[in-house]
Amino acid sequence: MTGQAANPSPRSPERLDDALSLLAQPGWLPLAGGTDVYPAHVGRPVSRPILDLSRIDALRGQSRVAGVDGRSWWRIGALESWMALRETVLPAGFEALPQAAAEVGGRQIQNQATIGGNLCNASPAADGVPALLALDAEAELQSRHGTRRLPLSKFVLGNRRTALTPDELLVAVLVPIGSPRARSQFLKLGHRRYLVISIAMVTVSIDSDEHGALSRCAIAVGACSAAAQRLPHLESRLMSAPRDQAAHIAAQLLASSESQALLEALSPIDDVRGTAAYRREAVRELIVRAIGMACSSLSSSELPQARSRS
4 MTGQAANPSP RSPERLDDAL SLLAQPGWLP LAGGTDVYPA HVGRPVSRPI LDLSRIDALR
64 GQSRVAGVDG RSWWRIGALE SWMALRETVL PAGFEALPQA AAEVGGRQIQ NQATIGGNLC
124 NASPAADGVP ALLALDAEAE LQSRHGTRRL PLSKFVLGNR RTALTPDELL VAVLVPIGSP
184 RARSQFLKLG HRRYLVISIA MVTVSIDSDE HGALSRCAIA VGACSAAAQR LPHLESRLMS
244 APRDQAAHIA AQLLASSESQ ALLEALSPID DVRGTAAYRR EAVRELIVRA IGMACSSLSS
304 SELPQARSRS
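Everything in the sequence shown is counted per my numbering, starting at 4 for the first residue and increasing by one.
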């Protein structure tokens, strides 16, 4: 006998309430798809008891829900796989989500890895975070004491840090549904096309009015800070820009003396994948490309107003 208490056996509840009751006791390690947890423990034992969430059906599924703010939201269960996001017909403006999902490892990983696990792992290079951040996603957290919602920017706090308390689970991600004119684009730079940690990644989310001017512009950058960041100064400079000129205007701004201030939210580092200077230059190019691709995906002839006039 060692005199040390053994860890509790792994548990795999089928009901969310049962999982939350277990989490009220300290020490549990929640497990979703396991694609981050298992590699992190290669060669060393898991020191905490595993709480396997994979049998909880309440954490799966996608649906349109009404919000108390009067808006419609798309609710994504935390256990939804990235492959499920690729295969679901999503609302207009959500194009960046399946695009990001296609970059989350290979198909085996996409079938197993979950959107909730990607967010809770809080890697600076997590492919899902910039896409959801640009779409103004919110995290729905639940404990035995109730439910709360946080903007994603207040949920992912830094490298491997989130706002989750030890007794909480991320149960869903909610994304506001925009107009039929909304579009988004995800782009990622790595040393090869697939199965690689990002050097930099960008998501652009736009909407436009009936005249083709940008009525919304959101830009999120990942792998260039401890957590993915929005670029509010650049976003505000592009508001009301003609959609067919937005990429050109962005390129001019990012090539000007204002560029450093427009990208001040970023804090890239030098590492084996690239230097900070290279990341900044890559981000400038990715932003311009993503804006151009998002804007060009909806030509003026495809606008609902244009169709009604024809």
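Using N, Cα and C, we set each Cβ at its ideal position, and we do this for glycine too.
Q) Who are the near neighbours of V107 in its chain, counting only those whose CB is closer than 8 angstroms to its CB and skipping five residues on each side? A) W85, Q113, A116, N121, D130 and G131
Q: Provide the residue span of the alpha helix (DSSP H) that contains C123, from first to last.
A: I118 to N124
Q: Could you tell me whether the segment 132 to 144 touches the segment 234 to 241, where touching means 3 or more Cβ pairs closer than 8 angstroms?
A: no
**Q.** Beta-bridge partners of L34, as assigned by DSSP
**A.** D55
Q. Got a sec? Which residues, its chain only, sit under 7 angstroms from L160 by beta carbon, not counting five neighbours each side?
A. A166 and A230
Q.
For K157, list the residues DSSP reports as bridge partners.
A. None, per the DSSP bridge assignment.
Q: Find out if the Cβ-Cβ distance for the pair L173, L155 is shorter than 7 angstroms.
A: no
(Q) Is it buried or exposed, N162, if we count other Cβ atoms within 10 angstroms and call 16 or more buried? (A) exposed
Q: Between the Cα of A1 and those of G64, F97, D72 and A95, spot the shortest distance and give me the residue it belongs to.
A: Because the chain here runs from 4 to 313, residue 1 falls outside it and cannot be looked at.
(Q) Alpha carbons only, please: which of P94, G96, E90 and A216 is nearest the one belonging to A105? (A) E90
**Q.** Runs of alpha helix (DSSP H) wholly within the segment 248 to 303 (minimum 4 residues, chain order)
**A.** 249 to 258, 262 to 265 and 279 to 299
Q. What is the C-beta distance between V207 and Q188, in whole angstroms, given that I count them as a contact (C-beta under 8 angstroms)?
A. 5 angstroms
Q | Limits of the alpha helix (DSSP H) - the one that S24 falls within | A | L19 to L26
(Q) Do L241 and S146 count as a contact pair if the criterion is CB distance below 7 angstroms? (A) no
Q.
So if DSSP puts E143 in a beta bridge, which residue, or which two residues, is it bridged to?
A. R152 and A175
Q: Would you please state the rounded distance, in angstroms, between the beta carbons of I202 and G149? I believe it to be under 8 angstroms.
A: Actually they do not touch by this definition, with Cβ atoms about 41 angstroms apart.
Q: Would you mind sorting G36 into buried or exposed? The rule is 16 or more other CB atoms within 10 Å of its CB.
A: buried
Q. Helix, strand or coil for A203 per DSSP?
A. strand
Q) When burial is assigned at 16 or more other CB atoms within 10 Å of the CB, is T38 buried or exposed? A) buried
Q) Since L217 contacts V205 with CB under 8 angstroms, what's their CB separation in whole angstroms? A) With a Cβ gap of about 17 angstroms, L217 and V205 do not count as contacting.
Q) What residues in its chain sit with their C-beta under 7 angstroms from that of G30, if we drop five residues either side in the sequence? A) R51 and P52
Q. Under 7 angstroms between the Cβ atoms of R282 and P271?
A. yes
Q) Just the Cα atoms here: how many angstroms apart are V224 and S12? A) 40 angstroms
Q: Would you check if the distance between the CB atom of R219 and the CB atom of S300 is smaller than 7 angstroms?
A: no
Q) Roughly how many angstroms separate the alpha carbons of H214 and R47, rounded to a whole number? A) 60 angstroms
Q | Neighbour-count burial assignment, R184, 16 or more Cβ in a 10 Å radius | A | buried
Q | Burial state of P127 (16 or more Cβ within 10 Å) | A | buried
Q: If I'm right that L256 touches L269 with Cβ under 8 angstroms, what's the distance once you round it to whole angstroms?
A: Actually they do not touch by this definition, with Cβ atoms about 15 angstroms apart.
Q: Label E98 either buried or exposed according to how many other C-beta atoms from any shown protein chain fall within 10 Å of its C-beta, with 16 as the threshold for buried.
A: buried
**Q.** Residues that DSSP places opposite Q232 in a beta bridge
**A.** V224
Q: Determine the closest residue to V275 out of R152, R74 and I200, with distance taken between C-alpha atoms.
A: I200
Q.
Let me check one thing: in DSSP terms, what residues is I79 bridge-paired to?
A. Q65 and V176
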